[in-house]
Amino acid sequence: AMEEMAKGKDRDYLSSIRCPNCCGWPVMVGHQYEEAVCSYCDEVVEEQMVAKYFLLKAEVKELLSKEKILKGVASQCMNMMSGLFHAYDLTYIAACQLPFRTLSLRQLWRAEHCSDYV
Numbered sequence: 002a003m004e005e006m007a008k009g010k011d012r013d014y015l016s017s018i019r020c021p022n023c024c025g026w027p028v029m030v031g032h033q034y035e036e037a038v039c040s041y042c043d044e045v046v047e048e049q050m051v052a053k054y055f056l057l058k059a060e061v062k063e064l065l066s067k068e069k070i071l072k073g074v075a076s077q078c079m080n081m082m083s084g085l086f087h088a089y090d091l092t093y094i095a096a097c098q099l100p101f102r103t104l105s106l107r108q109l110w111r112a113e114h115c116s117d118y119v
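Each residue of the sequence shown is one higher than the one before, counting from 2 in my numbering.
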């Protein structure tokens, strides 16, 4: 849904890391083997950092896609992404939403299954 609503430069930053050379501006990361350049300072981000981004992104997506997500997975994902992923990144946003999503599902389950006991 966010991808369809994003326009212009916003769309570019849905896959982005924080610039290590300036104050953390978003750096668009399109493909693993493309050069990633900061939109603010025009510095090139090291290839190792971009490779780490793609590796962590795959790990986080795998954790978030499991049918049953274990307690603590959201904080584990956030710890892995902190400092590297920009707040505009869709994977980062999905990990931020996870605690709220699981809380809502628990509340819905309780409302459906425990209403007879209240």
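The beta-carbon is built from N, C-alpha and C at its ideal position, and this holds for glycine as well.
From a predicted model like this one, the values you see are computed outputs, not experimental measurements.
When secondary structure is reduced to three states using DSSP, Ile94 falls in the helix class.
Taking the Cα of Leu65 as reference, the smallest distance to any Cα among Tyr54, Met79, Tyr41 is reached at Met79.
Residue environment analysis places Val45 among the exposed positions, since fewer than 16 neighbouring C-beta atoms fall within 10 angstroms of its C-beta. Around the C-beta of Lys69, fewer than 16 other C-beta atoms lie within 10 Å, and the residue is accordingly described as exposed. In this chain, the alpha helix (DSSP H) harbouring Ser76 covers 74-82. Going by C-alpha positions, Gln49 is about 10 Å away from Gln33. With respect to the C-alpha of Gly31, the residue from Cys24, Lys58, Pro21 having the closest C-alpha is Lys58.
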